[in-house]
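Down below is the structure, laid out as structure tokens.
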Amino acid sequence: LPAAVSPAAPSFVCQHLDRPMVWQDQWLAHENGARGVLSVTGVVAEPGDAAVAYGTLFGPAAVSAGHGCVEVDVGGATVRLTTPGGLSRLYPGLPALPDHPPPWLSGMRLAVENLATTAVALDARGVPYFRDGGRILRVPPEMACGVVVEFAEI
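Residue numbering for the sequence shown follows this note's numbering, beginning at 69 and increasing consecutively.
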């Protein structure tokens, strides 16, 4: 998609016509308990301007403001848009966050059924994480190729 349509990150659209080719059992079970993507967070200079573009793509009803960012319902997941200064509000407890010129992707939130299972898997691999209340674990960007990976109990 052109950058004017998807300003937070280069994007494309595809459709899987043969579900068994993509949804294979060996790819669906993860030791960390991940069940799916809940959200992806993009850092942009002007979240309001980006929201207008995504509102054109997904419909105005898909766009809302909250949690220190603009959120776009993309059908089963959310794209969160914030400014570089807004990152610390989205990721409390992480001492050092990347500082790149926008646009860039800062993180993703994965759904898990049981955070205890996720914590055991991360501990077994020596992966540090921060707890945000009782429902989210955050892996810092230096441990996840430069992005924050969050695990959220659903």
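The beta-carbon is built from N, C-alpha and C at its ideal position, and this holds for glycine as well.
message: Whole angstroms are fine: how far does the CA of Tyr-197 sit from the CA of Leu-190?
response: Numbered from its first residue, the sequence shown carries residue 190 at position 122. Numbered from its first residue, the sequence shown carries residue 197 at position 129. One C-alpha to the other measures close to 8 Å.
task: To the nearest angstrom, report how far apart Val-120 and Ser-174 are at their CA atoms.
output: Residue 120 sits at position 52 when you count from the first residue of the sequence shown. Residue 174 sits at position 106 when you count from the first residue of the sequence shown. Roughly 20 Å separates the two Cα atoms.
- prompt: Looking at Ala-76 and Leu-149, is the spacing between their C-beta atoms short of 8 Å?
  reply: Counted from its first residue, the sequence shown places residue 149 at position 81. Counted from its first residue, the sequence shown places residue 76 at position 8. Taking 8 Å as the cut-off, the beta carbon of Leu-149 is found closer than this to the beta carbon of Ala-76.
query: Three-state secondary structure (DSSP) at Val-147?
result: If you number the sequence shown from 1, residue 147 lands on position 79. Strand.
- prompt: Quick one: what's got a C-beta closer than 7 Å to Arg-199's C-beta in the same chain, skipping five residues either side?
  reply: For the purposes of this step, residue 199 is identified with residue 131 of the sequence shown, where counting begins at 1. So the qualifying residues of the chain are Leu-205.
Ser-132 in three-state terms, based on DSSP: As a working mapping, residue 132 is identified with position 64 in the sequence shown. Looking at Ser-132 - three-state DSSP - the assignment turns out to be strand.
query: Any idea what DSSP makes of Leu-178, helix, strand or coil?
result: Taking the sequence shown and counting its residues from 1, one reaches residue 178 at position 110. DSSP places Leu-178 in strand when its eight states are reduced to three.
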